[in-house]
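Novice: All residue numbers for the sequence shown refer to numbering that gives the first Met the number 0, where the first residue is 0 and numbers rise by one. Before we start, here is the structure in question, set down as structure tokens.
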Amino acid sequence: MDSNSLKRLTTDEKAAILAKEVERVEGRIGEFLALLAAHYPQGLTRTEIKTRLAVNNNESFVSLYRNGNIFIDIEKRYCDVAKENRFFIGTQFLHNVQCFHWLKVWQKL
């Protein structure tokens, strides 16, 4: 087994995997997830998301967040600079992809 087969996924590889995963989701939720995937790993604030998706009220944003979280884990962390939460694609999905990659390599041995 060569050392490259057990390497960790790069940020570009992770972004490509995320983009492929969220492209199957349609509608406003798909737009929301695609936006988060496009800004992986930095994430976006609630204000940035509401502006880019033309979300007019808080209830609509909460609905997007809650429904998007059904398809892929979304984390929120408070940002001291922006004084509001930043939303990120979570690490659980990518961790699972990395584990499956390692399992496939191991099975080839």
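Backbone N, C-alpha and C fix where the C-beta goes; we use that ideal spot for every residue, glycine too.
Beta strand (DSSP E) containing K75: first to last residue?
Specialist: Stepping through the sequence shown from its first residue, residue 75 is reached at position 76. That run of the beta strand (DSSP E) goes I73 to C78.
Novice: Please return the same chain residues whose Cβ sits closer than 6 Å to the Cβ of T44, not counting the five positions on each side in sequence.
Specialist: As a position in the sequence shown, residue 44 is number 45, starting the count at 1. Once the five neighbours on either side are set aside, the close Cβ partners of T44 are A81, E83 and R85.
Novice: Given that a residue counts as buried once 16 or more other Cβ atoms are within 10 Å of its Cβ, and exposed if not, what is K103?
Specialist: Residue numbering aside, residue 103 sits at position 104 when the sequence shown is read from its first letter. Exposed: under 16 other Cβ atoms inside 10 Å.
Novice: Would you call F99 buried or exposed, if buried means 16 or more other Cβ atoms sit within 10 Å of its Cβ?
Specialist: Within the sequence shown, residue 99 is the residue found at index 100, counting from 1. Residue burial annotation: F99 is exposed, with fewer than 16 other C-beta atoms found within 10 angstroms of its C-beta.
Novice: Could you tell me how far apart the beta carbons of Q91 and D72 are, in whole angstroms, since I believe they sit closer than 8 Å?
Specialist: Here residue 91 corresponds to residue number 92 of the sequence shown, with the count starting at 1. Here residue 72 corresponds to residue number 73 of the sequence shown, with the count starting at 1. About 5 Å separates the two Cβ atoms, so the contact holds.
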